[in-house]
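Asks: Got a structure for you, written out below as structure tokens; questions coming shortly.
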Amino acid sequence: MLVLRTVAKGAAFMVTWQDQLRTARTWRDYRQALHAFWMDDLDVDTLGELGRTMAERAAAFDGHAGANGFDRVLDRTLPDTRPDWAEVELCVRTRAEHRPGGDAAGLVARWAEGYRACGGDPGPCTPQHRAAPGGGRRRRAARAAAVLLLAAGGIAAGAFQVGDWWRDRQGPAGNTAGSGESPIPGSTSEGTDGNRSRPSSPPSPSPDSTPPPSADGGGPRSFAAVIRWSDDGANGTDPSPRVWAYDSPTEGGEAHHNGFYEPDQHFHVQCQVTNGRVFPLGDAYQGPRREGVWYRVQPGKWVPAAYVDAVTAPLPAC
């Protein structure tokens, strides 16, 4: 889970998006909470997937996929101005589809309550339909919305399924702009906190669809994890403390990269192996070491346990 940290008298206090939303009384605070909601349990390497999803859906919001359009919804730096509720609902519903066990209706109701607390009126549960623009204009709007959303929020998501709510919003125009028109981010885009850059050609793995732990034991289990101790000075040619994911715990090198995670990035892991590849740690490393231990994020995606703080370590064997 993405959290903000403040330290007082030596103690660390976690502030979640739920806390931020519950206490938000200004639109600036509301946007801050919405941004934290987007980033919660973020998998950085799936930016493009959610960008394409939002690009398809943005076509039904005529006039909003341009300058000062959808980028405003997640922009934490704007003055205290009210965001369009229909745009907020679009963001919440889309993000809910990509969260393990996400309850779209419940989350929309929760954000509507916060919207009222800030002085806004979300109106009915489902906003009035806005007709989608036609043809080339729809495609241009979709591409613009995706780029703006990626820049404003550093968004990521998993597998995408269109729900009844979105089918209702499409209206008589029918198809949206996703057919072969998927936007591609530029050479770099800002990271989670806006001060790190991404590589010009990021990996494009399958979306991370790891479910939460199963209460009845059915399906794959997952365990909360966060990137720690990666700023160890080991990479002389690449000072970035990001942690690369690999398609195998025994193979190394760029050919086997299929994603990466940033420091303090929260995600889920499933299980571990203890006979994986061993690599040198930097002189500044202060973690638990765990040489040869690798955590599986999902089939075909592995991260070195030396840089991962798993709440339930050691994990079950894969």
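Heads up, the sequence shown is in full-length UniProt numbering, so the first residue is 1 and it goes up one at a time. By construction, the Cβ of each residue, glycine as well, lies at the ideal position given by its N, Cα and C atoms.
Going by the CB atoms, is the gap between Gln-270 and Arg-296 shorter than 7 Å?
Replies: Residue 296 sits at position 296 when you count from the first residue of the sequence shown. Residue 270 sits at position 270 when you count from the first residue of the sequence shown. For Arg-296 and Gln-270, yes; Cβs fall inside 7 Å.
Asks: Could you pull out every residue in the same chain whose Cβ sits closer than 7 Å to the Cβ of Thr-250, ignoring the five residues on either side in sequence?
Replies: In the sequence shown, residue 250 corresponds to position 250, counting from 1. Cβ neighbours of Thr-250 beyond the five flanking positions: Gly-276, Arg-277.
Asks: Given this structure, state the Cα-to-Cα distance separating Trp-38 from Trp-111, to the nearest angstrom.
Replies: Walking along the sequence shown from the start, residue 38 turns up at place 38. Walking along the sequence shown from the start, residue 111 turns up at place 111. Roughly 13 Å separates the two Cα atoms.
Asks: Do Glu-87 and Val-108 come within 7 Å of each other at the CB atom, strictly closer than that value?
Replies: The residue labelled residue 108 in the question sits at position 108 within the sequence shown. The residue labelled residue 87 in the question sits at position 87 within the sequence shown. Result no, Cβ atoms of Val-108 and Glu-87 do not sit closer than 7 Å.
Asks: Please look up how many angstroms separate the CB atoms of Leu-21 and Gly-114, rounded, as I've assumed it's under 8 Å.
Replies: Position 21 of the sequence shown, counted from the start, is the residue given in the question as residue 21. Position 114 of the sequence shown, counted from the start, is the residue given in the question as residue 114. The pair is a contact, with the Cβ atoms about 5 Å apart (cut-off 8 Å).
Asks: Determine the direct distance from the alpha carbon of Val-15 to that of Ala-310, and round the result to whole angstroms.
Replies: Position 310 of the sequence shown, counted from the first residue, corresponds to residue 310. Position 15 of the sequence shown, counted from the first residue, corresponds to residue 15. When rounded, the distance between both Cα atoms is 20 Å.
Asks: Quick one, are the C-beta atoms of Ala-24 and Ala-36 less than 7 Å apart?
Replies: Within the sequence shown, numbered from 1, the residue matching residue 24 stands at position 24. Within the sequence shown, numbered from 1, the residue matching residue 36 stands at position 36. Not a contact, by the Cβ cut-off of 7 Å.
Asks: Helix or strand or just coil, what does DSSP make of Asp-283?
Replies: Here residue 283 corresponds to residue number 283 of the sequence shown, with the count starting at 1. Of the three classes helix, strand and coil, the one that applies to Asp-283 here is coil, per DSSP.
Asks: Taking the C-alpha atoms as reference points, what is the distance between Ile-227 and Gly-119?
Replies: Within the sequence shown, residue 227 is the residue found at index 227, counting from 1. Within the sequence shown, residue 119 is the residue found at index 119, counting from 1. Rounded to the nearest angstrom, the two C-alpha atoms are 38 Å apart.
Asks: According to DSSP, simplified to helix, strand and coil, what is Asp-309?
Replies: Position 309 of the sequence shown, counted from the first residue, corresponds to residue 309. The answer is strand: DSSP assigns Asp-309 an E or B state.
Asks: Please state if the CB of Ala-245 and the CB of Thr-293 are separated by a distance shorter than 7 Å.
Replies: Counting from one through the sequence shown, the residue named residue 293 turns up at place 293. Counting from one through the sequence shown, the residue named residue 245 turns up at place 245. The sequence given here places Val at residue 293; Thr does not occur at that position. No, they are not a contact pair.
Asks: By how many angstroms is the C-alpha of Asp-29 removed from the C-alpha of Arg-221?
Replies: The count along the sequence shown starts at 1 and reaches residue 221 at position 221. The count along the sequence shown starts at 1 and reaches residue 29 at position 29. Computed Cα separation, rounded: 34 Å.
Asks: Can you look up Gln-270 in the DSSP assignment and give me helix, strand or coil?
Replies: Along the sequence shown, one-based indexing puts residue 270 at 270. DSSP places Gln-270 in coil when its eight states are reduced to three.
Asks: Out of curiosity, what's the CA-to-CA distance linking Ala-313 and Pro-280?
Replies: Within the sequence shown, the letter at position 313 stands for residue 313. Within the sequence shown, the letter at position 280 stands for residue 280. If you take the alpha carbons of Ala-313 and Pro-280, they lie about 21 Å apart.
Asks: Of all the options Trp-27, Pro-241, Gly-300, Phe-223, which has the alpha carbon lying nearest to the alpha carbon of Thr-81?
Replies: To locate residue 81, count along the sequence shown from 1; it is residue 81. That would be Trp-27, whose Cα lies nearest to the Cα of Thr-81.
Asks: What is the DSSP secondary structure of Gly-259, counted as helix, strand or coil?
Replies: Stepping through the sequence shown from its first residue, residue 259 is reached at position 259. The answer is strand: DSSP assigns Gly-259 an E or B state.
Asks: Tell me the rounded alpha-carbon separation between Pro-288 and Arg-116.
Replies: One-based indexing of the sequence shown puts residue 288 at position 288. One-based indexing of the sequence shown puts residue 116 at position 116. About 46 Å.
Asks: Let me check one thing: in DSSP terms, what residues is Pro-304 bridge-paired to?
Replies: Taking the first residue of the sequence shown as 1, we reach residue 304 at position 304. Looking at the DSSP assignment, Pro-304 forms a beta bridge with Trp-294.
Asks: Going by CA-CA distance only, name the one from Val-308, Trp-229, His-268 that's closest to Gly-282.
Replies: Numbered from 1 along the sequence shown, position 282 holds the residue referred to as residue 282. Nearest C-alpha to Gly-282: Trp-229.
Asks: Would you list the residues sitting across from Ala-224 in a DSSP beta bridge?
Replies: As a first step, residue 224 must be located in the sequence shown, where it is residue number 224. Answer is His-268.
Asks: Could you tell me which residues DSSP puts in a beta bridge with Trp-244?
Replies: Counting from 1 along the sequence shown, the entry for residue 244 is found at position 244. Trp-244 is bridged to Phe-260.
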